[in-house]
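Peer 1:
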Amino acid sequence: MSNLSLLEAVPRLSLFWVVVISFALASIASADEWKPKIVMDESKSSLFEIAHEIEVNSPSFFPKPTYPLNDPDVVVVVEPEIGKHRPDQDVVMAYAEGYTLDYYMSFIETLRATGFDGDIVLATSEYGLLKKNVLEYLKSQENLVVYIHKLDCFEADAVTPSDRIMKRGTPDIFQMCLLNDVYGWKDKDGNVVKTAKDPRIGRVVATLRYEWYWIWAQHYNPDSWIMLVDARDSLFQTNPFEGLPRHQNGLLYFFGENAEATRIGKSTKNRNWIRRSYGEDTLAAMADKPTICSGSTMGEQIAIETYLKALVNEWDETDIKMTGADQGFHNYLYYSGKLANSQNITKLVVWEQGKGIINNLGALRTKPFEEWGFYNQETKQVYNWDGTLSPVVHQWDRDKDMHTHYMRTVFPQWKKSFEEKMRKERINGRARTMSAIA
């Protein structure tokens, strides 16, 4: 397997304009006046080499997340509340708990506007915690698969059972929870005869979500492409699956953060995740390495499924309860070479920030995006360093201008549009009822 930063030509994606509901673009003349900054010659690829001081004797396979149940007959039994998986499709997966309608719409509407017609799979809050109009909106979408599953959680002592704790109107990201009743046993006819309780101690949802992803990945063919991405702060500008290499028998893509703006050792959070999980020696070996974002990963199903087993296993081996520790696991898996001998990951490519399908912007919050040269403030579009539109814009809300535009202009338009659609459907429904009575 080759562990590389973007050192080889990968087919470029075909580009076309995003069309979103009531999204007012600037005039063509204004757009033509602005040119993105081109910095493709400034490569940091050498920094992504394996940290040989911590290189491990890589396993050729990783255990399934079900292995603590110690029963080979255990299978996935949880079913989606909305929609059905289509095994032969590409798919975007995200854990999307506790959001208001506008955030679901920003994720789904911008993705569909690119022409992507594959599956979107989400996990949301339990029914009682869904925000206004969210359920109605999700039910109205085509090729959307939604898991609405109650988590069994704990108080701060990690012992006392508790409902999902809300803080400032959103679920507490530090609360420890169990993923019960997603596995179980079936009879010969495929009927569920018993469900299993989570054999692990509580995990924060940022870690627990990777087990959801693994469960969902079981529903897709080995050569389907899967994207794992954060839902709240991701927007789509072009179809991220257009032009991807196919039938590679295990191609996996990771996406780096900006190597000039941050390194693992420069970030307090990243330092703590590595130190607490793996110790000071490992941190020292990784300190000058660019951060690879755990909130944006792509690959063929056969590779993604293996990666997810490996990441869940890192939690089992380290038992770290910190929110965000998944990013430490993600970086350790790469820089230690722990994925190198997997039979199902034939190639792993790490894309430098702004040079791949997913553009991670979080580390660039130190100044306005426009000053970096990749953001057109007139059209509100984000570009890669080669001057093409970024297919996926991750962490877009770190910029004041972009955040203000979406929060004050685009989000209200989306919400108003859907609420008006619901109002018309209610009126039409009442009219049909009255007509039937008459």
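The sequence shown maps to residues -31 to -1, 1 to 407 in mature numbering (1 follows the signal peptide of the UniProt record, and there is no 0).
Each residue gets a CB set at the ideal place from its N, CA and C atoms; glycine is no exception.
Please read all numbers here as calculations on a predicted model, not as lab measurements.
In whole angstroms, what separates the C-alpha of S(-10) from that of C262?
Peer 2: With a pLDDT of only 36 at S(-10), under 50, the local geometry of the prediction cannot be trusted, and the value read off the model is given with reservation. Using only the alpha carbons, I get a separation of about 32 Å.
Peer 1: State buried or exposed for Q187, treating a residue as buried only when at least 16 other CB atoms are found within 10 Å of its CB.
Peer 2: Result: exposed.
Peer 1: Check this for me: beta carbons of D42 and W154, under 8 Å apart or not?
Peer 2: Their beta carbons are under 8 Å apart, which means D42 touches W154 by this criterion.
Peer 1: Tell me which same chain residues have a C-beta within less than 8 Å of the C-beta of F38, skipping the five on either side of it?
Peer 2: Going by the sequence as given, residue 38 is Leu instead of Phe. Taken in chain order, the residues that qualify are Y152, A165 and P168.
Peer 1: G268 by DSSP, collapsed to three states: which one?
Peer 2: G268: strand per DSSP, three-state reduction.
Peer 1: Which residues mark the beginning and the end of the beta strand (DSSP E) in which N328 is found?
Peer 2: Per DSSP, N328 belongs to the beta strand (DSSP E) from I327 to N329.
Peer 1: I need the straight-line Cα distance from N112 to G52, nearest angstrom please.
Peer 2: When rounded, the distance between both Cα atoms is 7 Å.
Peer 1: Could you name the residues of the same chain whose beta carbon sits closer than 7 Å to that of L220, not counting the 5 residues immediately before and after it, in chain order?
Peer 2: Same-chain partners within the cutoff: P214, G268, E269, A272, T315 and K316.
Peer 1: Tell me the residue span of the beta strand (DSSP E) that contains I243.
Peer 2: No beta strand (DSSP E) holds I243; the alpha helix (DSSP H) holding it covers T237 to Y247.
Peer 1: Check whether the segment 58 to 67 and the segment 87 to 98 are in contact - that is, three or more C-beta pairs closer than 8 Å.
Peer 2: Judged by Cβ distances under 8 Å, the segment 58 to 67 makes contact with the segment 87 to 98, as three or more pairs qualify.
Peer 1: Can you tell me where the beta strand (DSSP E) with M196 in it begins and where it stops?
Peer 2: Counting along the chain, the beta strand (DSSP E) containing M196 begins and ends at W194 to V198.
Peer 1: Any idea if G356 is buried or exposed, counting beta-carbon neighbours within 10 angstroms, 16 or more meaning buried?
Peer 2: Its Cβ having fewer than 16 others within 10 Å, G356 is exposed.
Peer 1: Please report the Cβ distance between L333 and W341, rounded to the nearest whole angstrom; I am assuming they are in contact, meaning their Cβ atoms lie under 8 Å.
Peer 2: So it is a contact: roughly 6 Å between Cβ atoms.
Peer 1: Considering just the uninterrupted stretch of the alpha helix (DSSP H) at D121, what are its terminal residues?
Peer 2: No alpha helix (DSSP H) contains D121, which is instead part of the beta strand (DSSP E) from D121 to F123.
Peer 1: Looking at C-alpha atoms only, which residue of P56, S265 and G248 is the closest neighbour of G323?
Peer 2: It is S265.
Peer 1: On the criterion of 16 or more Cβ atoms from any shown chain inside 10 Å, does V46 qualify as buried, or is it exposed?
Peer 2: V46 is buried by the Cβ-count criterion.
Peer 1: State the DSSP-derived secondary structure class of A92, mapped to helix, strand or coil.
Peer 2: Residue state, collapsed to three classes: strand.
Peer 1: Could you pull the DSSP bridge partners for N227 from this structure?
Peer 2: For N227, which the question treats as bridged, DSSP gives no partner whatsoever.
Peer 1: Tell me whether the segment 278 to 285 and the segment 251 to 262 touch, counting them as touching only if at least three CB pairs, one residue from each stretch, are closer than 8 Å.
Peer 2: With the cut-off at 8 Å, the segment 278 to 285 and the segment 251 to 262 do not touch.
Peer 1: Report all residues from its chain with a CB closer than 8 Å to the CB of V362; omit the five preceding and five following residues, and keep chain order.
Peer 2: Result list for V362: S203, L204, F205, Q206, N328, L330 and V351, in chain order.
Peer 1: Which runs of the beta strand (DSSP E) spanning at least 3 residues fall entirely within the segment 280 to 331, listed in chain order?
Peer 2: 316 to 320 and 327 to 329, all fully within the segment 280 to 331.
Peer 1: In terms of residues, what are the limits of the beta strand (DSSP E) holding Y64?
Peer 2: Looking at the DSSP string, the run of the beta strand (DSSP E) that includes Y64 is V60 to Y64.
Peer 1: Since R172 sits in a beta bridge, which residues does DSSP pair it with?
Peer 2: Note: R172 sits in a beta bridge opposite C146.
Peer 1: If you draw a straight line from the alpha carbon of T83 to that of K336, how long is it in whole angstroms?
Peer 2: Using only the alpha carbons, I get a separation of about 29 Å.
Peer 1: For D156, which option in W354, D288, V44 and N300 has the closest C-alpha, if you only look at C-alpha atoms?
Peer 2: Nearest C-alpha to D156: V44.
Peer 1: Could you pull out every residue in the same chain whose Cβ sits closer than 8 Å to the Cβ of C146, ignoring the five residues on either side in sequence?
Peer 2: Within the same chain, C146 has close Cβ partners L120, D121, C122, F123, R133, G171, R172, V173, V174 and L177.
Peer 1: With respect to the beta strand (DSSP E) encompassing V155, which residues constitute its N-terminal and C-terminal limits?
Peer 2: The question names Val, yet the displayed sequence has Lys at residue 155. Residues Y152 to K155.
Peer 1: Taking the alpha-carbon positions, what's the N102 to V198 distance?
Peer 2: If I take the Cα positions, the gap works out to 23 Å.
Peer 1: Buried or exposed: where does R395 fall if 16 or more other Cβ atoms within 10 Å of its Cβ makes it buried?
Peer 2: Label assigned to R395: exposed.
Peer 1: Can you list, in chain order, the residues of its chain whose CB lies under 6 Å from that of A(-8), leaving out five sequence neighbours each side?
Peer 2: Reliability of the predicted coordinates at A(-8) is poor, the pLDDT of 38 falling under 50, and the value obtained from them is presented with this limitation in mind. Cβ within range, chain order: n/a, list empty.
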